[in-house]
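Peer 1: In terms of the numbering used here, the sequence shown is residues -1 to 1097.
Yeah, the Cβ is synthetic: ideal placement off N, Cα and C, and Gly gets one too.
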Amino acid sequence: MRFWLRNEEMALEEMVQRLNAVSARTDEIMHQDITPLCAADIQDQLRKRFAYLSGGRGQDGSPVITFPDYPAFSDVPDKEFQNVMTYLTSIPSLQDAGIGFILVIDRRQDKWTSVKASVLRIAASFPANLQRVLVLRPTGFFQRTLSDLAFRFNRDDFKMKVPVTMLSSVPELHDYIDKSQLTEDLGGTLDYCHTKWLCHRTAIESFAVMVKQTAQMLQSFGTELAETELPNDVPSTSSVLIAHTEKKHKAKENMRLALDEGRSILESIREPLARSTEQSPNQDQLDNQTTVQRLLAQLNETEAAFDEFWAKHQQKLEQCLQLRHFEQDFREVKAALDTLAQKIVTFTDVGNSLAHVEHLLKDLTSFEEKSSAAVERARALSLEGEQLIGNKHYAVDSIRPKCHELQHLCDQFAAEVGRRRGLLGKSLELHSLLEASMKWCDEGIYLLASQPVDKCQSQDGAEAALQEIEKFLETGAENKIQELNKIYQDYELILTQDLREHVQKVFQKQESMEEMFHRRQASLKKLAAKQTRPVQPVAPRPEALAKSPCASPGIRRGSENSSCEGSAQRGPYRRAKSEMSEGRQGRGSSTGDEEESLAILRRHVMNELLDTERAYVEELLCVLEGYAAEMDNPLMTHLISTGLQNKKDVLFGNMEEIYHFHNRIFLRELENYIDCPELVGRCFLERLEEFQMYEKYCQNKPRSESVWRQCADCPFFQECQKKLDHKLSLDSYLLKPVQRITKYQLLLKEMLKYSKSCEGAEDLQEALSSILGILKAVNDSMHLIAITGYDGNLSDLGKLLMQGSFSVWTDHKKGHSKVKDLARFKPMQRHLFLHEKAVLFCKKREENGEGYEKAPSYSYKQSLNMAAVGITENVKGDVRKFEIWYNAREEVYIIQAPTPEIKAAWVSEIRKLLTSQLQAFREASQHRVLEQSQSLPLPATASASPSKGNTRNVKKLEERKTDPLSLEGYVSSTSLPKAPEKGRGWSKTSQPSEAPEDNDGWSSAEEPLNSSDAEEEGGVGPRKLVPGRFTVVADDEKGSPDMLVMRSGDLVEVVQEGEDCLWYVRNLTSSKEGWVPAGSLSARLGKSSSAQCLSSSVW
-1 MRFWLRNEEM
9 ALEEMVQRLN
19 AVSARTDEIM
29 HQDITPLCAA
39 DIQDQLRKRF
49 AYLSGGRGQD
59 GSPVITFPDY
69 PAFSDVPDKE
79 FQNVMTYLTS
89 IPSLQDAGIG
99 FILVIDRRQD
109 KWTSVKASVL
119 RIAASFPANL
129 QRVLVLRPTG
139 FFQRTLSDLA
149 FRFNRDDFKM
159 KVPVTMLSSV
169 PELHDYIDKS
179 QLTEDLGGTL
189 DYCHTKWLCH
199 RTAIESFAVM
209 VKQTAQMLQS
219 FGTELAETEL
229 PNDVPSTSSV
239 LIAHTEKKHK
249 AKENMRLALD
259 EGRSILESIR
269 EPLARSTEQS
279 PNQDQLDNQT
289 TVQRLLAQLN
299 ETEAAFDEFW
309 AKHQQKLEQC
319 LQLRHFEQDF
329 REVKAALDTL
339 AQKIVTFTDV
349 GNSLAHVEHL
359 LKDLTSFEEK
369 SSAAVERARA
379 LSLEGEQLIG
389 NKHYAVDSIR
399 PKCHELQHLC
409 DQFAAEVGRR
419 RGLLGKSLEL
429 HSLLEASMKW
439 CDEGIYLLAS
449 QPVDKCQSQD
459 GAEAALQEIE
469 KFLETGAENK
479 IQELNKIYQD
489 YELILTQDLR
499 EHVQKVFQKQ
509 ESMEEMFHRR
519 QASLKKLAAK
529 QTRPVQPVAP
539 RPEALAKSPC
549 ASPGIRRGSE
559 NSSCEGSAQR
569 GPYRRAKSEM
579 SEGRQGRGSS
589 TGDEEESLAI
599 LRRHVMNELL
609 DTERAYVEEL
619 LCVLEGYAAE
629 MDNPLMTHLI
639 STGLQNKKDV
649 LFGNMEEIYH
659 FHNRIFLREL
669 ENYIDCPELV
679 GRCFLERLEE
689 FQMYEKYCQN
699 KPRSESVWRQ
709 CADCPFFQEC
719 QKKLDHKLSL
729 DSYLLKPVQR
739 ITKYQLLLKE
749 MLKYSKSCEG
759 AEDLQEALSS
769 ILGILKAVND
779 SMHLIAITGY
789 DGNLSDLGKL
799 LMQGSFSVWT
809 DHKKGHSKVK
819 DLARFKPMQR
829 HLFLHEKAVL
839 FCKKREENGE
849 GYEKAPSYSY
859 KQSLNMAAVG
869 ITENVKGDVR
879 KFEIWYNARE
889 EVYIIQAPTP
899 EIKAAWVSEI
909 RKLLTSQLQA
919 FREASQHRVL
929 EQSQSLPLPA
939 TASASPSKGN
949 TRNVKKLEER
959 KTDPLSLEGY
969 VSSTSLPKAP
979 EKGRGWSKTS
989 QPSEAPEDND
999 GWSSAEEPLN
1009 SSDAEEEGGV
1019 GPRKLVPGRF
1029 TVVADDEKGS
1039 PDMLVMRSGD
1049 LVEVVQEGED
1059 CLWYVRNLTS
1069 SKEGWVPAGS
1079 LSARLGKSSS
1089 AQCLSSSVW
């Protein structure tokens, strides 16, 4: 770095010296070092032309200055005269000026007095050397004679350094100066134009100033560039380089303009000579041409000096920018390598099964592939640094250590990956051996379980079974563990405590299985050797099976097989299952054999559950890492289409949450039940709450499908699929969570089938029911999100209990006569959603499209508040029909289910809901009876306090005795709860209703609520109960001890309306009083109205 700065200082010093020399030479050329006076400064004085330098020369080369006839010469101020003389004498070269000037004073038209004054003035103030003064005296006879006499008598007044010669005529002048060196007014042939001469002089001097200023500007600019501090980051360095380059271009442009100006001046000087080849240039023209050429040479020198400096400065900035890029890339690459080093350290697990090790190896390979980009970038950056060093970069001391560090980090990472791969390779080898041993043991157990015991009673059957066993044992040399100590020695580096225990258990299982075979061999040999008497069938001993677990021993251990191994195992599983089934049908096998067979089948189901669970977790991981994570990869951004940007959460939903649950929690807990698969139901029951996340995923699936259809052809998905080497596209993997949640219930059914007599059967049954409930909730939610047109919040209606499509007839007490008949014959197709607080009626609309776009949508039509709903379970004429009536049968909806079973399920669910509501009312009424009864006057209360209110109550009581229909004294002042607005099925009216007809339905309602669509139903409004006396027309068969009992024929008095759909009623027949639910009360009072109408209005 110091070397470069020293070179920079030397380059700047060299350029400054050269530019200073240019400025000095420019002054020398223009004689600015002697007389710093320019034509532009005295341009007006020169235009007076009282003296001029024509370019003529004397015989010895002396410059000629001509003073033409100028009448106002005496009026020229001394300052102006001095300036003009000084400037004219500075124009010729120093060599010519050293010879001395010849002054030609033309006074032919003047007077002697003027001649005398002019000569004396010139002699007194001429600033340079004089060689000769030639005066053309007046031509008039009198003035000429006078000048001769006066000059003779006043000679002493003209004493000068050079002689003054009085000339009488122009020809005499030619004796001293050749005609070619004199202008035309002096009888010469010299072509002279004072205006053109003045223009040339001004242009030349302006060009000289431009050359000097350019040199000074470049000198200042070079100093600025050299003194600029180099930035420490890429953007600032780039900005400095760009700014300096722009300034350099501007300086070069100024130099170009100056060169153009000089060439233009030179061309204007040469132009007259080019037009007239006969005319030779005078000395002044030659001097001007030489001056311009010398100035152009100085300008070229200035440009060359600056270009040389700029080349070094530009190289410095470019190398600085290269260094900043290298340093920035080094920081990024080092950070990436440090991250990789931290991640590779976490790869400490050697696996607990063959599938786990294969998965770890795949993870390591995937990690290595993903890391290869960072490693290759680091190695490329190291080579780039070496190239910078080879190009003699000024920061070699900074670049070389970084290159060495990058190489070291890459080598260290590669070595660590290789070490990890070696350990996993040993682990894979060990687990392959363990898997082979366990598979061999399982096949041996299958063999023992599949041998028919009754056929072994004959000698031939026993010999055949014995040969089958011996043939199987011969395969053990390749599959079983030979020496346990050798295993410990060969795999010492990877043997953790858990893995060591696992090896011991597998070895014990192998020994147990061999012991079972030896016992079976001994029994079969006896049968084959002697058949003199009936032989009892020999079956495997239960205790031997207990000592020989068929599944992988140990907590969180499983025989995870690959897909091909899994299929290989399922073959013997099906064969064993079929043979055992045949055996059970054909003979009575022992309890031990049957239990052993069921245990084998349970283990097979458990193995399938674990294998598919691991495959499922691995597939989710592939999707998240191979697709979702790549959407955030800057290197893949260019492949993502506009429609896919910011759609990651929509496309994948909560798949990451599902993956973490299964990978971190559920899979590990499943592995805990590998030795007791019949208890696996408990694992599902403990995690039921977490399975609710599948509902969120399924609800998002339509949006995900929509994004996929729009962007399926995006190059991003194709590139990711190619990297993952997937045969199926992403949409197939996005269906995996939906497929998996449905798979669990099949596996649980299979496990329950083989565990009916086991300890965990009840848990399995409950887990199966819970998973089916989750599937139903997921399915219901998919329909629920398709509802359109409902203004409220569906979550306010409580949990969705059931949903389905039905045929619906409406039956209202009021309606338009024109639509009654139509409704009787044409039912409406409606999709019903039963919530805890309301039932929704919707119209199903099929959609056109593909995939989820073909899913139906539901247009909201009407809702009924469950607090005012009752049901009639059976309708005459059709076992599939039932009634939902509303507001004391003011509105009746006849529902026809697709099947009787569906009807029974809906009726049962509604009955449960109404029963629970009624129970809640009863519990709440126990408080209100005590609270509100204190404010109600009882018949026995004769005395009251003398307050105004009590006096009024007593008065009302007396009026009531007189008029039994007056109940004002018993109406509570408590305001009723405010219902939601109309249109959402929750509005409430205050019209009185007639006493309802007797029916045998269910209801928990208090007051009628208007749930019809005002626009479609024609504005039919419900009515409510009013205080008064009524006759009970039906017994309260479902009465509760907490409620008032009413019998058919009783006379009751409805006193007042309370809260929670309860009415305070006094039974005048039994002299008892209490609270009664409105739905139950309205169904049992009064006589039915005669005219009910059937409505078919579209709703």
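Let me know the alpha helix (DSSP H) ranges lying completely inside the region 35 to 107, each 4 residues or longer, listed in chain order.
Peer 2: Along the length of the region 35 to 107, whole alpha helix (DSSP H) runs at least 4 residues long occupy 41 to 45, 76 to 88, 92 to 97, reported in chain order.
Peer 1: Ignore the nearest five residues each way along the sequence and tell me which others in HIS311's own chain have a CB closer than 6 angstroms to its CB.
Peer 2: Reading the sequence shown from its first residue, position 313 is the one you call residue 311. Cβ contact annotation for HIS311 (same chain, cutoff 6 angstroms, sequence separation greater than five): LEU223, in chain order.
Peer 1: Going by DSSP, what residues sit across from MET164 in a beta bridge?
Peer 2: For the purposes of this step, residue 164 is identified with residue 166 of the sequence shown, where counting begins at 1. Looking at the DSSP assignment, MET164 forms a beta bridge with VAL133.
Peer 1: Find out if the Cβ-Cβ distance for the pair GLN80, SER123 is shorter than 7 angstroms.
Peer 2: Here residue 80 is taken as the residue at index 82 of the sequence shown, counted from 1. Here residue 123 is taken as the residue at index 125 of the sequence shown, counted from 1. Cβ distance < 7 angstroms, so GLN80 and SER123 count as in contact.
Peer 1: What does DSSP give as the partner residues of TRP1073 in its beta bridges?
Peer 2: By 1-based counting over the sequence shown, the position of residue 1073 is 1075. As a beta-bridge residue in DSSP terms, TRP1073 pairs with TYR1062.
Peer 1: In whole angstroms, what is the alpha-carbon distance linking GLU244 and PHE65?
Peer 2: What you label residue 244 is simply residue 246 of the sequence shown in a count that begins at 1. What you label residue 65 is simply residue 67 of the sequence shown in a count that begins at 1. Each residue's Cα considered, the two are about 53 angstroms apart.
Peer 1: Excluding five sequence neighbours on each side, which residues of the same chain lie with their C-beta closer than 7 angstroms to the C-beta of GLU693?
Peer 2: Reading the sequence shown from its first residue, position 695 is the one you call residue 693. Within the same chain, Cβ atoms closer than 7 angstroms to the Cβ of GLU693 are found at ALA775, VAL776, SER779, the five residues on either side in sequence being excluded.
Peer 1: Determine the burial state of GLY59: buried for a count of at least 16 other Cβ atoms within 10 Å of its Cβ, exposed for fewer.
Peer 2: As a position in the sequence shown, residue 59 is number 61, starting the count at 1. That one is exposed.
Peer 1: Per DSSP, what kind of secondary structure is ASP723 in: helix, strand or coil?
Peer 2: Here residue 723 corresponds to residue number 725 of the sequence shown, with the count starting at 1. DSSP places ASP723 in coil when its eight states are reduced to three.
Peer 1: Provide the residue(s) that pair with MET800 in DSSP beta bridges, ordered along the chain.
Peer 2: Taking the sequence shown and counting its residues from 1, the one referred to as residue 800 is at position 802. BP columns for MET800 point to LEU832.
Peer 1: Taking 7 angstroms as the cut-off, decide whether the C-beta atoms of ILE869 and PHE804 are in contact.
Peer 2: By 1-based counting over the sequence shown, the position of residue 869 is 871. By 1-based counting over the sequence shown, the position of residue 804 is 806. No.
Peer 1: Under three-state DSSP, which class holds MET826?
Peer 2: One-based indexing of the sequence shown puts residue 826 at position 828. Residue state, collapsed to three classes: strand.
Peer 1: My output table needs one value for ILE443: the three-state DSSP class, helix, strand or coil.
Peer 2: The residue given as residue 443 occupies position 445 in the sequence shown. Residue state for ILE443 is assigned as helix, using DSSP reduced to three classes.
Peer 1: Assign TYR858 to one of three DSSP states: helix, strand, or coil.
Peer 2: Here residue 858 corresponds to residue number 860 of the sequence shown, with the count starting at 1. Strand, per DSSP.
Peer 1: With respect to the beta strand (DSSP E) encompassing THR870, which residues constitute its N-terminal and C-terminal limits?
Peer 2: Working through the sequence shown from its first residue, we reach residue 870 at position 872. That run of the beta strand (DSSP E) goes 867 to 870.
Peer 1: Are the Cβ atoms of ALA201 and THR300 separated by less than 7 angstroms?
Peer 2: Walking along the sequence shown from the start, residue 201 turns up at place 203. Walking along the sequence shown from the start, residue 300 turns up at place 302. No. Outside cutoff.
Peer 1: From TYR85 to ALA38, what does the alpha carbon distance come to, in whole angstroms?
Peer 2: Counting from one through the sequence shown, the residue named residue 85 turns up at place 87. Counting from one through the sequence shown, the residue named residue 38 turns up at place 40. In this model, TYR85 and ALA38 are separated by some 11 angstroms (Cα to Cα).
Peer 1: Counting C-beta neighbours from all protein chains within 10 Å, is the total for VAL343 16 or more, i.e. buried, or is it exposed?
Peer 2: What you label residue 343 is simply residue 345 of the sequence shown in a count that begins at 1. So VAL343 counts as exposed.
Peer 1: In the DSSP assignment, find the unbroken alpha helix (DSSP H) run with ILE656 in it and report its ends.
Peer 2: For the purposes of this step, residue 656 is identified with residue 658 of the sequence shown, where counting begins at 1. Run containing ILE656: 653 to 659, per the alpha helix (DSSP H) assignment.
Peer 1: Can you pull the DSSP bridge partners for TRP883?
Peer 2: On the sequence shown, position 885 is the one that residue 883 refers to. Answer by DSSP bridge pairing, in chain order: GLY868, VAL890.
Peer 1: Expressed to the nearest angstrom, what Euclidean distance is found between the alpha-carbon atoms of THR897 and MET1044?
Peer 2: Taking the first residue of the sequence shown as position 1, residue 897 is located at position 899. Taking the first residue of the sequence shown as position 1, residue 1044 is located at position 1046. Each residue's Cα considered, the two are about 37 angstroms apart.
Peer 1: Could you name the residues that DSSP lists as bridge partners for ARG843?
Peer 2: One-based indexing of the sequence shown puts residue 843 at position 845. DSSP output for ARG843 lists SER855 as bridge partner(s).
Peer 1: Here's the rule I'm using: 16 or more other beta-carbon atoms within 10 Å means buried, otherwise exposed. How should HIS516 be labelled?
Peer 2: Numbered from its first residue, the sequence shown carries residue 516 at position 518. Exposed.
Peer 1: Considering just the uninterrupted stretch of the alpha helix (DSSP H) at ARG377, what are its terminal residues?
Peer 2: If you number the sequence shown from 1, residue 377 lands on position 379. Segment 352 to 388, the alpha helix (DSSP H) holding ARG377.
Peer 1: Residues in the same chain with beta-carbon distance under 6 angstroms from GLN107, minus the five sequence neighbours each way, listed in chain order, please.
Peer 2: Working through the sequence shown from its first residue, we reach residue 107 at position 109. Hits under 6 angstroms: ASP67.
Peer 1: Give the DSSP-derived three-state secondary structure of PHE345 in the structure shown.
Peer 2: Here the question's residue 345 lines up with position 347 in the sequence shown. DSSP places PHE345 in coil when its eight states are reduced to three.
Peer 1: Write down the C-beta distance between GLY679 and ASP609 rounded to the nearest angstrom, noting that I regard them as a contact closer than 8 angstroms.
Peer 2: Sequence index remark: in the sequence shown, residue 679 carries index 681 (1-based). Sequence index remark: in the sequence shown, residue 609 carries index 611 (1-based). With 8 angstroms as the limit, GLY679 and ASP609 do not qualify as a contact, their Cβ atoms being about 19 angstroms apart.
Peer 1: Is it right to say LEU1083 is buried, meaning 16 or more other beta carbons lie within 10 angstroms of its own, or is it exposed?
Peer 2: Indexing the sequence shown from 1 puts residue 1083 at position 1085. Answer is buried; the Cβ neighbour count reaches 16.
Peer 1: What separation, rounded to the nearest whole angstrom, lies between the Cα atoms of GLU259 and GLN211?
Peer 2: The residue you call residue 259 lines up with position 261 of the sequence shown. The residue you call residue 211 lines up with position 213 of the sequence shown. For GLU259 and GLN211, the distance between alpha carbons rounds to 14 angstroms.
Peer 1: Which residue's Cα is closest to the Cα of GLU78: GLY53, GLN43, GLN737?
Peer 2: Mapped onto the sequence shown, residue 78 falls at position 80. Of the candidates GLY53, GLN43, GLN737, the one whose C-alpha sits nearest the C-alpha of GLU78 is GLN43.
Peer 1: Within a Cβ cutoff of 8 angstroms, which residues of the same chain sit near THR786, ignoring the five residues on either side of it in sequence?
Peer 2: Walking along the sequence shown from the start, residue 786 turns up at place 788. Correct list, in chain order: SER855, TYR856, SER857, TYR858.
Peer 1: Using the beta-carbon count (16 or more within 10 Å), is THR740 buried or exposed?
Peer 2: Here residue 740 refers to the residue found at position 742 of the sequence shown. Its Cβ having fewer than 16 others within 10 Å, THR740 is exposed.
Peer 1: Give the DSSP-derived three-state secondary structure of ASP711 in the structure shown.
Peer 2: Counted from its first residue, the sequence shown places residue 711 at position 713. Looking at ASP711 - three-state DSSP - the assignment turns out to be coil, as it is neither helix nor strand.
Peer 1: Closest to LEU35 by C-alpha separation, out of VAL873, ARG199, THR181, would be which residue?
Peer 2: Within the sequence shown, numbered from 1, the residue matching residue 35 stands at position 37. Checked all of VAL873, ARG199, THR181; the closest Cα to LEU35 is ARG199.
Peer 1: For the alpha helix (DSSP H) that contains PHE689, what are its first and last residues?
Peer 2: One-based indexing of the sequence shown puts residue 689 at position 691. Run containing PHE689: none; DSSP gives neither H nor E here.
Peer 1: Following the continuous beta strand (DSSP E) through ARG662, name the residue where it begins and the one where it ends.
Peer 2: Sequence index remark: in the sequence shown, residue 662 carries index 664 (1-based). Looking at the DSSP string, ARG662 is not in any beta strand (DSSP E), and its letter there is neither H nor E.
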